[in-house]
Amino acid sequence: MSNNVDNSQNDNEQVNSRRQFLGWGAAVAGLAIAPGVTLLDIAHGRPADEPASSKIRWGMLIDSGKCATGCDDCVSACGKENGFSGKLETDSQWIRKIELKDLRTGNSHSLPMLCQHCEHPPCVDVCPTGASFKRADGIVLVDRHICIGCRYCMMACPYKARSFVHQELEDQNPDVPRGKGCVESCTLCVQRVDRGEQPACSDACAAAGHNAILFGDLNDPNSEIAKRIAASATTQVRADLDLNVGIRYQGI
Amino acid sequence: MNFEAFHKIEERAFYALAAALGLVVLIGLGAAHYMETHGHVVTGMNNQIVWGLPHVFAVFLIVAASGVLNVASIGSVFGKPIYKARAPLSGLLAIALLAGGLTVLMLDLGRPDRLIVAMTHFNFKSIFALNVILYTGFFAIVATYLWTMMERKMYGFSKYVGFSAFIWRIALTTATGSIFGFLVARQAYSSALLAPMFIIMSFSYGLAVFIIVQSFMYAWNGMKLDLAILRRMKNLLATFVGAVMYFTIVYHLTNLYFAKQWDFERFILLEGGVFTTLFWVGQMLIGTLIPLALLLHPTLGTRCKTVVWAAGMIIVGGFAQLYVIIIGGQAFPLNLFPGMQQSSSFFDGVIHHYQPTLPEFLLGMGGIGIAFLLTTIAVRVLRFIPQDDFHHVSKEMLTD
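The following block contains the structure:
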């Protein structure tokens, strides 16, 4: 009888220790997986075979008050990421720094200008072959396989955001294929965004501590960009054209 | 020169002319090859002036192609016998000029090797895509029109096909003007006036080209043009030149009405350097006022040589006008931030510079070469010389 009691106590202890082990194991595994789950949730990264979603509208909020004259960290980062120099007069410039001076007050501003990723892009309207197109998540791109290099999109863009590749290119980034004779423009670093990262310009601006470029989902009311746009006055460049652009400016 | 003497040298003269034009075409193709292998970096074009001299040539040829068909339309659609006799030549020139213009346009593409893509991928919201359809349709309709005019069995259909061609060419030039008219971003364009203005420009340039070609063909055959016919055609040409001037004035007055366009108007009319010179001297003086004075002069205007000179000046003025519209419209900077001075490494806020290079010019000349090589060969193979003149030329009515 006593032997039976001892045996049953031993069994209970073994079950308890097994439970404890499984419990601790689950906790450790949970702790190990949690950061990945959290990151995935924040960055909205998506598998390669999943199409872009119209539930998202990628955009940027650029605060000219935080953008310093003479700083071109965003421009350098864009060139490095996408493989262009912008040194020759005919070289592509996907992003440029514009210096503004108010002729009446003398007040000056500095801000980056890039493709505005319009909701109703004139470049897409005029492109004869459909090479210029807008993704479901609002990113405006050029399909370089069917771009014939007519440059009509460059004539139509109100922001001078597009460049034509005037010569052979070397040392390209394999993630960003480019080609002579085609038109190109800022892709919002779509290759990074699809991996769940930020565009290079936005990252570089944050790394330098300026935080003048905020990237995010304009459709998500809980995103920081949406909250800031809801809370403060922002400007659309050439708002008179009613293009509902994805790039908003603050402080001009 | 008498006809027998001419007949002896005709064959040699034909081959010499065809060889000269063929050389021009070859040089143009060579220039296009050079541009394609090196890229547009060898042209004067950049990311600010994206359409350069080849577009001026191409648009001129395309607009003139549509306008030159006007001669046939007046004959077939409106039943004027003098013009009806000129309809085959009019149709031939329309096809030849369009072929020349489209060749230049195609070879100036960044990827001319993707022509098949342009023919198989259509964004129907694009005026450019619409133009591809209108251009190919124009070839088909005008070729059919020529067939109905030159094949006796088809005579009965000529008027109907001619009417279709008339409607088609109005649509085509409307679309050509709309390439610019639909560009809301730039101050030079974005105007509904551009489509009708391009139509009337096409009438003027097309008739000027027709008169010059007709005169050379008459000279080639040792013939002289009937004075009554000359008088009618030169009066029509003067009317078209006046109409182009009217549209030009209305276009600038409309801009001047809007305060936001004043800077642009000051640029074109007063301070634009080469563009201002081309507008006043090229377009207005050489292309409009002097030809008008010559054509409307009671004695000078009845001389064949004077009319040919006037037509030549109208063509020079047409090139100047298109240069001002196409290049000048891009040279004026986009105004992204009204009321602010703008500067950047991408030339924001400054007048954009453009210096055309030799390959661009040669490509454009190649287009002209194609147009006239096709015309020369076709005229030799088939009878395109206006027929009435062989039967009704009257010595008493000749001049010079």
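Chains as they are written, first to last, in UniProt numbering: chain S, 1 to 252; chain X, 1 to 400. Positions of the beta carbon are idealized from the N, C-alpha and C atoms, including for glycine. Here the structure is a predicted model, which means the values were calculated and not measured.
For residue j and residue i, the rounded distance between their alpha carbons
i	j	result
X/E11	X/I377	12 Å
S/G216	X/R111	35 Å
S/I229	X/F346	28 Å
S/D125	X/F203	30 Å
X/E36	X/L363	12 Å
S/L40	S/C157	Reliability of the predicted coordinates at S/L40 is poor, the pLDDT of 45 falling under 50, and the value obtained from them is presented with this limitation in mind. Using only the alpha carbons, I get a separation of about 35 Å.
S/C67	S/G209	11 Å
X/H391	X/M223	Residue placement at X/H391 is poorly supported in this model, since its pLDDT is 48, which falls under 50; the coordinates are not used for a value here.
X/M245	X/P291	12 Å
X/N46	S/R151	11 Å
X/A20	X/F332	39 Å
X/L29	S/N244	44 Å
X/M197	X/I27	33 Å
S/A207	S/A77	11 Å
X/S66	X/H38	33 Å
X/G162	S/K55	53 Å
X/S191	S/I252	30 Å
X/F352	X/Q321	According to the sequence displayed, residue 352 of chain X carries His and not Phe. X/H352 and X/Q321: Cα-Cα distance of roughly 18 Å.
X/Q48	X/A185	13 Å
S/A212	S/I62	6 Å
X/I127	X/A13	43 Å
X/G75	X/P338	52 Å
X/G367	X/P88	22 Å
X/W147	S/P177	49 Å
S/K160	S/K97	13 Å
X/A310	X/M119	39 Å
X/A32	X/L61	17 Å
Residue i in three-state terms, based on DSSP
i	result
X/I351	coil
S/D217	strand
X/Q214	helix
S/D194	coil
X/Q321	helix
X/L193	coil
X/G312	helix
X/A20	helix
S/S223	coil
X/H40	helix
X/M45	coil
X/W262	helix
X/W220	helix
X/I385	coil
X/K80	coil
S/Q93	coil
Among the options, nearest to residue i - alpha-carbon criterion
i	options	result
S/L214	S/Q191, S/V245, S/P199	S/P199
S/S223	S/H120, S/K66, S/Y249, S/R57	S/R57
X/L23	X/G369, X/R380, X/I385, X/V381	X/G369
X/L109	X/L294, X/E360, X/T176, X/Y246	X/E360
X/Y251	X/L194, X/F166, X/A293, X/A208	X/L194
X/L336	S/D102, S/K134, S/P128, S/D194	S/D102
X/Y354	S/K80, S/S76, S/I62, S/E89	S/E89
X/I268	X/Q261, X/W262, X/T276	X/T276
S/V190	S/G138, S/T235, S/C205	S/G138
S/G79	S/T69, S/I95, S/C71	S/I95
S/G246	S/E197, S/T105, S/I225	S/I225
S/M154	X/M217, X/F138, X/I179, X/I249	X/I179
X/Y15	X/V381, X/I133, X/A192	X/V381
S/E50	S/M60, S/R238, S/R195, S/R162	S/R195
X/Y155	X/G177, X/T136, X/K84	X/K84
X/Y189	X/I199, X/I200, X/G177	X/G177
Where residue i falls, given that 16 or more other Cβ within 10 Å makes a residue buried
i	result
S/S85	exposed
S/H166	buried
S/Q172	exposed
S/K180	buried
X/L255	For the record, residue 255 of chain X in the displayed sequence is Asn; it is not Leu. Buried, by the Cβ-count rule.
X/F358	Before going further, note that residue 358 of chain X is Leu rather than Phe in the sequence given. Classification for X/L358: exposed.
X/H40	buried
X/Y160	exposed
S/Y249	buried
S/G59	buried
X/Y257	exposed
S/R162	buried
**OP:** Flag this pair as touching only if the segment 135 to 149 of chain S and the segment 166 to 186 of chain S have three or more C-beta atom pairs under 8 Å; answer yes or no.
**Re:** Yes: the two stretches touch, three or more of their Cβ pairs being nearer than 8 Å.
Subject >> Cβ contact check for the segment 98 to 118 of chain X and the segment 235 to 249 of chain X: 3 or more pairs under 8 Å >> reply: Contact fails: fewer than three Cβ-Cβ distances are below 8 Å.
Original post:
If you pair each beta-carbon of the segment 313 to 326 of chain X with each one of the segment 151 to 167 of chain X, do three or more pairs fall below 8 Å?
Top reply: no
Original post:
For the 8 Å Cβ check, are there 3 or more pairs between the segment 209 to 224 of chain X and the segment 284 to 298 of chain X?
Top reply: no
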